[in-house]
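Numbering (full-length UniProt numbering), first residue to last: 1 to 113.
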């Protein structure tokens with residue numbers, strides 16, 4: 001899939017390094033798929049899966065040894081987002097800073113558009 005300003009998703013250096021570390025323990029050629037599905041306490045939630053192949057409609061983001069895939073349906077909800085990795089007193093987690101989300105829950109993985 002061709003990336004445009006409307007569907008651009010970025011991956012922070014922190015997230016890319018953490019993804020690369022996770023994928024280094026997986027089979028060669030593994031990638032992280034980030035998708036949006038119905039559910040969670042706010043209606044939509046992010047899902048993370050390690051996969052071995054990409055689909056024809058995937059946006060492919062490669063950075064610092066990490067490969068992230070986002071399907072075209074999920075991209076409609078994630079365009080303009082940044083995938084980050086936070087490590088603070090509460091714990092470690094991937095965090096998606098989504099400009100389309102108008103509400104979210106405390107867990108940080110569920111949101112409303």
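Virtual Cβ for every residue (Gly too), placed ideally from N, Cα, C. Just so you know, these numbers come straight off a predicted model, no measurement behind them.
By a beta-carbon distance limit of 8 Å, residue 59 does not contact residue 31. Their separation comes to about 12 Å.
Distance check between residue 50 and each of 64, 27, 44 places 27 closest, using alpha-carbon atoms only. For residue 101, there is no enclosing beta strand (DSSP E), as DSSP gives it neither H nor E. In the DSSP assignment, residue 35 falls within the beta strand (DSSP E) that extends over 31 to 38. Shown here for residue 66: same chain residues with a beta carbon closer than 6 Å to its own, the five before and five after excluded, namely 16, 19, 20 in chain order. For residue 93, the uninterrupted beta strand (DSSP E) run begins and ends at 91 to 97, by DSSP. Pairing residue 63 with residue 91, the inter-Cα distance amounts to about 24 Å.
Listed as beta-bridge partners of residue 11 by DSSP are 83. Pairing residue 79 with residue 8 gives a Cβ-Cβ distance under 8 Å.
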